[in-house]
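Have a look at the structure below before the remarks.
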Amino acid sequence: MTDHERFSAPNAGDWVSITEASRRLGVDRSTLSRYLDQHGDALQKRESGKSTLVDFEAVRAHRSENIRLVDEGRGRDGGKPSATPTADKRFGGSQADWAARNIAAQAQDRELNLARRKRELTPTAEVDEMGRDAIGRMRNAFDRSVESEASDLSLRYGWDERTVRSALKSFARKGLDSFHRDVLDGLDRFRREVDATAADQADGASDGPAASAGLLQ
Numbered sequence: 064m065t066d067h068e069r070f071s072a073p074n075a076g077d078w079v080s081i082t083e084a085s086r087r088l089g090v091d092r093s094t095l096s097r098y099l100d101q102h103g104d105a106l107q108k109r110e111s112g113k114s115t116l117v118d119f120e121a122v123r124a125h126r127s128e129n130i131r132l133v134d135e136g137r138g139r140d141g142g143k144p145s146a147t148p149t150a151d152k153r154f155g156g157s158q159a160d161w162a163a164r165n166i167a168a169q170a171q172d173r174e175l176n177l178a179r180r181k182r183e184l185t186p187t188a189e190v191d192e193m194g195r196d197a198i199g200r201m202r203n204a205f206d207r208s209v210e211s212e213a214s215d216l217s218l219r220y221g222w223d224e225r226t227v228r229s230a231l232k233s234f235a236r237k238g239l240d241s242f243h244r245d246v247l248d249g250l251d252r253f254r255r256e257v258d259a260t261a262a263d264q265a266d267g268a269s270d271g272p273a274a275s276a277g278l279l280q
């Protein structure tokens with residue numbers, strides 16, 4: 064029976080998040096995550112929304128057996144360190160750390176690519192048109208309000224209605240102009256980000272084979 068069959072029986076086990084599994088086992092989440100990556104052929108994972116689930120019982124049994132074997136191997140050696148403990152630890156740790164960082168980087172790349180694809184689906188032209196239309200509607204609403212407010216203030220405080228109307232219109236115009244500039248600046252920044260994302264993806268697609276070859280070397 065293979066490790067995969069022993070520790071990943073279908074429809075069995077207690078599927079929990081990696082965070083919960085690490086809490087139950089009393090180990091750091093990063094330590095358990097690296098362990099799962101190293102033994103991915105024997106321990107299954109499931110994606111559930113934003114969480115990654117593992118079979119806790121399978122993980123616990125797998126770790127118990129592996130730790131037991133390691134302890135037995137140390138016992139046969141009398142607990143003596145190997146001839147080159149520093150070198151083994153240095154190179155073994157470096158390879159494990161590199162593998163963990165590589166897996167984390169790949170996962171981050173997938174998340175970024177997904178976010179970029181979602182952003183590319185945003186209809187920027189429609190957003191721009193809706194923003195301008197909203198500003199126009201706000202101007203009309205302010206203009207209508209100015210008339211009634213000018214009349215009300217004139218009666219309430221005895222001010223000249225034309226002067227009040229002119230002041231209110233000036234106030235509304237300056238505020239809307241400032242708001243208009245902010246909205247247009249935001250739309251321009253958004254459009255530039257979308258264009259830059261598309262350019263980065265095009266560059267990444269063209270550099271993909273070369274980058275892969277470089278990693279293999």
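The sequence shown runs 64 to 280 under the working numbering. Don't be surprised by glycine CBs; every beta carbon is placed ideally from N, CA and C. Note that the structure is a prediction, hence the values are computed from the model and not measured.
Segment limits, beta strand (DSSP E) that includes L99: That residue, L99, is in no beta strand (DSSP E); its alpha helix (DSSP H) goes 92–101.
Pair within 7 Å by beta-carbon distance, A213 and L239: no
Spatial distance of I198 from S217 (CA atoms): 28 Å
Distance, K237 Cα to R255 Cα: 27 Å
Whole-number beta carbon distance between L88 and L95, since they are thought to touch under 8 Å: With 8 Å as the limit, L95 and L88 qualify as a contact, their Cβ atoms being about 7 Å apart.
Beta-carbon proximity check, A167 vs R97, cutoff 7 Å: no
Collapsed DSSP secondary structure at K113 in the structure displayed: In the three-state scheme derived from DSSP, where H, G and I count as helix and E and B as strand, K113 is classed as coil.
Nearest-angstrom Cβ-Cβ length linking A170 and F205, presumed shorter than 8 Å: The pair is not a contact, with the Cβ atoms about 49 Å apart (cut-off 8 Å).
Integer Cβ distance of W78 from R109, believed to fall under 8 Å: 6 Å
N-terminal and C-terminal residue of the beta strand (DSSP E) that W78 is part of: Boundaries of the beta strand (DSSP E) around W78: 78–80.
Reduced DSSP secondary structure (H/G/I, E/B, other) of D223: In the three-state reduction of the DSSP assignment, D223 falls in the coil class.
Integer-rounded CB distance, given that S80 should sit under 8 Å from S114: 5 Å
Residues that D248 bridges to, as DSSP identifies them: Residue pairing by DSSP leaves D248 without any beta bridge partner.
Three-way DSSP call (helix, strand, coil) for D215 in this model: helix
7 Å Cβ cutoff met for V257 and G194: no
Cβ shell of D91 (< 7 Å), same chain only, five flanking positions each side left out: S85
Residues that DSSP places opposite D104 in a beta bridge: DSSP output for D104 lists no bridge partner at all.
Cut-off 7 Å between Cβ atoms - residues of its own chain near R219, not counting five sequence neighbours on either side: Excluding positions up to five away in sequence, the list is empty.
V122 versus I130 - alpha carbon distance: One C-alpha to the other measures close to 12 Å.
Beta-ladder partner(s) of D118, from DSSP: W78.
Burial state of D118 (16 or more Cβ within 10 Å): By the 10 Å Cβ count, D118 comes out buried.
Reference G112, options E174, A124, H102, closest by Cα: The shortest C-alpha separation from G112 is found at E174.
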